[in-house]
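Participant: I am attaching a structure below and will ask some questions about it afterwards.
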Amino acid sequence: LEYRRKVKLVDAFADKLPNQIINGRIHTSFSTIKKTGRMSSSDPNLQQIPSYTNLIRNAFIADEGRLLASLDFSSQELRILADISGDELMLKIFTEGGDAHSTTAVTIWNNKYPDRKTDIETFQRLRKVSDFFRDKDGNLDESKFDEGHLNKAFEEGIILTKDKEILLKEAELGLEFEKMRKKAKQVNFSIVYGTTEKGLADNLEISEEEARMYIQSYMQTYPGVAKWIEETKKIVRERKYVETLLGRKRRLYPEVESGQRWLLESAYRMGCNSQIQGSAADMMKKASLDLQPALKKYDCHIVLFVHDELILDVPEDIGMGPLKEFTEIMCNAIPLKCGMKSDIEIAKRWGQKMNQDELSELWEEAEVE
Numbered sequence: 004l005e006y007r008r009k010v011k012l013v014d015a016f017a018d019k020l021p022n023q024i025i026n027g028r029i030h031t032s033f034s035t036i037k038k039t040g041r042m043s044s045s046d047p048n049l050q051q052i053p054s055y056t057n058l059i060r061n062a063f064i065a066d067e068g069r070l071l072a073s074l075d076f077s078s079q080e081l082r083i084l085a086d087i088s089g090d091e092l093m094l095k096i097f098t099e100g101g102d103a104h105s106t107t108a109v110t111i112w113n114n115k116y117p118d119r120k121t122d123i124e125t126f127q128r129l130r131k132v133s134d135f136f137r138d139k140d141g142n143l144d145e146s147k148f149d150e151g152h153l154n155k156a157f158e159e160g161i162i163l164t165k166d167k168e169i170l171l172k173e174a175e176l177g178l179e180f181e182k183m184r185k186k187a188k189q190v191n192f193s194i195v196y197g198t199t200e201k202g203l204a205d206n207l208e209i210s211e212e213e214a215r216m217y218i219q220s221y222m223q224t225y226p227g228v229a230k231w232i233e234e235t236k237k238i239v240r241e242r243k244y245v246e247t248l249l250g251r252k253r254r255l256y257p258e259v260e261s262g263q264r265w266l267l268e269s270a271y272r273m274g275c276n277s278q279i280q281g282s283a284a285d286m287m288k289k290a291s292l293d294l295q296p297a298l299k300k301y302d303c304h305i306v307l308f309v310h311d312e313l314i315l316d317v318p319e320d321i322g323m324g325p326l327k328e329f330t331e332i333m334c335n336a337i338p339l340k341c342g343m344k345s346d347i348e349i350a351k352r353w354g355q356k357m358n359q360d361e362l363s364e365l366w367e368e369a370e371v372e
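Using the numbering used here, read the sequence shown as starting at 4 and increasing by one per residue.
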């Protein structure tokens with residue numbers, strides 16, 4: 004599998020990108036006419052360069068005296084879903100800084116294992132326990148169960164006991180919780196994209212019966228979303244279009260009037276998906292426009308759009324202040340009931356991330372406040 008991935012990287016990017024360099028840069032083209040409103044990239048498609056390995060991304064380097072800054076909306080589509088659906092729990096999770104994926108995972112876990120029920124606090128605690136004792140490959144490292152590591156974990160409040168037998172069981176359960184959270188994350192986004200039981204089953208490599216239980220668990224966790232989905236179906240049937248938060252319409256007349264059940268079901272899925280993805284696209288486009296005065300002020304430029312992320316070319320001595328100003332502008336492009344957050348990553352190469360110590364050293368040398 005790893006070999007096939009790297010062959011694909013070579014065929015799709017490593018062999019082609021060098022031939023598309025003009026004056027030291029690669030110029031992609033963007034289209035803004037996708038039906039959901041999202042921007043697509045082509046010739047070459049830089050949005051498609053994978054992030055699971057940075058082999059290709061690290062080939063993109065900032066100019067001398069410049070850095071690349073990534074401003075990434077945090078849980079953008081799920082926050083928009085919370086706003087549009089008005090689901091009380093989802094709004095509370097994002098307002099209070101909770102974890103929607105873990106919340107979904109707990110409900111799925113309790114429905115799947117009724118004799119091993121847990122709660123969100125235990126779920127999160129044991130994930131931290133397993134994370135502390137894992138090696139770089141994600142497996143439990145028995146060498147970390149020595150006295151030194153246990154004392155460190157106990158002092159930091161990660162573990163509540165130094166009993167190795169209890170900790171081993173907690174760490175193993177934490178690994179199971181982590182796997183369930185990864186599945187729950189896919190469930191959360193699959194609902195946004197209007198998945199079917201079969202689609203989710205294929206995606207997670209589980210039975211359709213189990214996929215049905217996952218979807219039911221999701222609807223059980225977020226009844227406001229379930230209600231919104233049914234309301235959207237009604238709107239699709241009656242109006243034959245849906246609208247984004249800014250009022251942009253996605254027309255579904257052909258599918259609704261086709262007289263074919265499968266096309267109507269497709270219209271339902273597109274109706275839900277278009278409101279979420281379309282609003283996210285509107286937010287990104289408006290944010291990029293709202294940012295222009297501030298970008299000009301600090302000599303910064305947008306060099307790439309990657310769906311919910313902006314890549315900026317910025318001066319090396321910019322400091323964190325202007326970048327936080329940028330994220331504040333982005334997060335207020337379309338105000339949401341639960342607010343929006345944006346993460347900042349800075350590096351010399353696209354695929355890297357400088358840590359706080361590296362940034363402090365860089366900006367100290369540049370005498371940046």
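Quick reminder that beta carbons are idealized off the backbone N, C-alpha and C, glycines included.
#1: Give the DSSP bridge partners of Ala-72, in chain order.
#2: Report the partner residues of Glu-246 according to the DSSP bridge assignment.
#3: Would you report the Cα separation of Leu-203 and Glu-67, rounded to the nearest angstrom?
#4: For Ala-65, I'd like the list of residues in its chain whose CB is within less than 6 Å of its CB, leaving aside the five on either flank, ordered along the chain.
#5: Could you spell out where the alpha helix (DSSP H) holding Phe-157 opens and where it closes?
#6: Closer than 7 Å by C-beta to Thr-35: which residues in its own chain qualify, once you throw out the five before and the five after it? Chain order, please.
#7: Under the assumption that Glu-312 contacts Leu-163 (Cβ atoms under 8 Å), give the Cβ distance between them as a whole number of angstroms.
#8: Could you tell me the distance, in whole angstroms, from the CA atom of Ile-83 to the CA atom of Pro-338?
#9: Quick one: is Ile-169 buried, meaning 16 or more other Cβ sit within 10 Å of its Cβ, or exposed?
#10: Would you mind giving the Cβ-Cβ distance between Leu-20 and Pro-47, rounded to the nearest angstrom? I have them listed as a contact below 8 Å.
#11: First and last residue of the alpha helix (DSSP H) that includes Phe-126?
#12: First and last residue of the alpha helix (DSSP H) that includes Ser-44?
#13: Could you check the C-alpha separation between Gln-278 and Ala-85 for me, to the nearest Å?
#14: Are Arg-69 and Val-317 touching if we call contact CB-CB under 8 Å?
#15: Given a threshold of 16 other Cβ atoms within 10 Å of its Cβ, counted over all protein chains shown, does Asp-346 qualify as buried or as exposed?
#16: Spell out the partners DSSP gives Ile-24 in its beta bridges.
#17: Since Leu-307 and Leu-49 are thought to touch, with beta carbons under 8 Å apart, how far apart are those beta carbons, to the nearest angstrom?
#18: With a threshold of 16 other CB atoms inside 10 Å of the CB of Leu-94, please say whether the residue is buried or exposed.
#19: Taking 6 Å as the limit between beta carbons, can you name the residues of its chain near Tyr-256, skipping five residues before and five after?
#20: Tell me the rounded alpha-carbon separation between Ser-32 and Gln-51.
#21: Opposite Ile-305 in the DSSP bridges: which residues?
#22: Pair every Cβ in the segment 235 to 250 with every Cβ in the segment 273 to 287, then say whether three or more of these pairs are closer than 8 Å.
#23: Measure the C-alpha to C-alpha separation of Glu-268 and Glu-234 and round it to an integer number of angstroms.
#24: Is it right to say Leu-292 is buried, meaning 16 or more other beta carbons lie within 10 angstroms of its own, or is it exposed?
#25: Under the assumption that Ala-103 contacts Leu-129 (Cβ atoms under 8 Å), give the Cβ distance between them as a whole number of angstroms.
#26: Using a Cβ-Cβ cut-off of 6 Å (strictly less than) and excluding sequence neighbours within five positions of Phe-180, which residues of its own chain qualify?
#27: Going by DSSP, what residue range makes up the alpha helix (DSSP H) through Met-286?
#28: Do the CB positions of Ser-88 and Val-239 come within less than 8 Å of each other?
#29: Do Met-183 and Ala-108 have their CB atoms nearer than 8 Å?
Facilitator: By the coordinates alone:
#1: Leu-315 and Ile-349
#2: Lys-252
#3: 46 Å
#4: Leu-71 and Lys-351
#5: 150 to 158
#6: Met-42
#7: Actually they do not touch by this definition, with Cβ atoms about 38 Å apart.
#8: 10 Å
#9: exposed
#10: 6 Å
#11: 123 to 136
#12: Premise fails: Ser-44 lies in the beta strand (DSSP E), 43 to 45, not in any alpha helix (DSSP H).
#13: 12 Å
#14: yes
#15: exposed
#16: Ile-29
#17: 6 Å
#18: buried
#19: Lys-243
#20: 13 Å
#21: Leu-315
#22: yes
#23: 14 Å
#24: exposed
#25: Contact doesn't hold; Cβ gap of about 18 Å is too wide.
#26: Phe-126, Leu-129 and Arg-130
#27: 264 to 293
#28: no
#29: yes
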